[in-house]
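Have a look at the structure below before the remarks.
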Amino acid sequence: MQNFKIIILGPGGVGKSALTQRFISGNFIEAYDPTIEDCYLKTVKYKNKEYKLEILDTAGTDQFTSLRDVYINSGDAFVVVYSIDSISSFNDIQSIIDQICTIKESDPSPLIIVGNKCDLDEDREISEEMGEMLANSSRCSFIETSAKLDLNIKEIFYDLLSQLINKRASMTS
Ligand code: GDP
Ligand code: MG
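Just so we're aligned, residue 0 is where the sequence shown starts under numbering that gives the first Met the number 0, counting upward by one.
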């Protein structure tokens, strides 16, 4: 079975742990524990084949940016999360994307930008178009999600998985 390692990155409080838990266990965590950092395994089926995903939910607070290099080096694909109700979280992800592109320069890796908390539309500070523009300029995917309402969570991982499968296929052909 093919095995892929997916790293979840982004500023604190944007919902990295909530969306990881939603995908892994189907539950939503209301509480916020900024220290949670854990690795999860999930076997998924895609086009009649099974794949093993190793998902690392990082703590991603600013004092640990040097650790990020280590995580990025170990990853096959990346989820970079901001929260649509926080312009500062959106501004913060640019440097994370740059860091991934620099470290993975010789081996460009699938990446998806995620605008989480799209259920908080009344508090929205980042339009969907702004997210799309950032993704276009970074040549990666984009999706808005809600871990709370279970909107588009699976789609994050299936997008990356299809990118990963295409990448491996083009490398071996
Ligand atoms: P992390 O620091 O990025 O891991 O953030 P958490 O996953 O711990 O989430 C931070 C807070 O935001 C928690 O109180 C969550 O319940 C809340 N949260 C996470 N995702 C959503 C969402 O999609 N919608 C709303 N309304 N709240 C969310
Ligand atoms: Mg967390």
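C-beta: ideal position from N, C-alpha, C; glycine also.
query                                                                                                   : result
Any non-hydrogen atom of the ligand MG closer than 7 Å to Ala58 Cβ                                      : yes
Residue from Thr57, Ala76 and Thr42 whose Cα sits closest to the Cα of Tyr50                            : Thr42
C-beta atoms of Ile83 and Leu119 nearer than 8 Å                                                        : yes
The ligand MG heavy atom lying under 7 Å from the CB of Ile5                                            : no
Own chain residues within Cβ distance below 7 Å of Leu0, not counting five before or after              : The sequence given here has Met at residue 0, not Leu. Closer than 7 Å at the Cβ level, and outside the excluded window around Met0, lie Glu49, Tyr50 and Lys51.
DSSP state of Glu104 mapped onto helix, strand, coil                                                    : coil
Of the residues Ser85, Leu55, Phe89 and Asn2, the one placed nearest Cys38, counting alpha carbons only : Leu55
Ile99 Cβ short of 7 Å to the ligand GDP heavy atom set                                                  : no
Integer Cβ distance of Met112 from Ile92, believed to fall under 8 Å                                    : The amino acid occupying residue 112 in the given sequence is Ile; Met does not appear at that position. About 7 Å; that satisfies the 8 Å criterion.
Tyr31 - DSSP class collapsed to helix/strand/coil                                                       : coil
Nearest to Gln162 (by Cα), restricted to the options Asp75, Ile86, Gly12 and Thr57                      : Asp75
Selected residue, minimal CA-CA separation from Asn72, among Met132, Lys103, Asn90 and Ile164           : Lys103
Exposed unless 16 or more other CB atoms sit within 10 angstroms - verdict on Ala134                    : buried
Nearest-angstrom Cβ-Cβ length linking Glu8 and Val78, presumed shorter than 8 Å                         : Checking the displayed sequence, the identity of residue 8 turns out to be Leu instead of Glu. The pair is a contact, with the Cβ atoms about 7 Å apart (cut-off 8 Å).
Residue range of the unbroken beta strand (DSSP E) whose run includes Asn115                            : Leu110 to Asn115
Spatial distance of Tyr45 from Thr19 (CA atoms)                                                         : 19 Å
Assigned secondary structure, Arg171 (DSSP; H/G/I helix, E/B strand, else coil)                         : Note that residue 171 is Thr in the sequence shown, not Arg. Thr171 falls in the helix class under three-state DSSP.
Candidates Lys153, Ser24 and Ser16: closest to Ala58 by CA position                                     : Ser16
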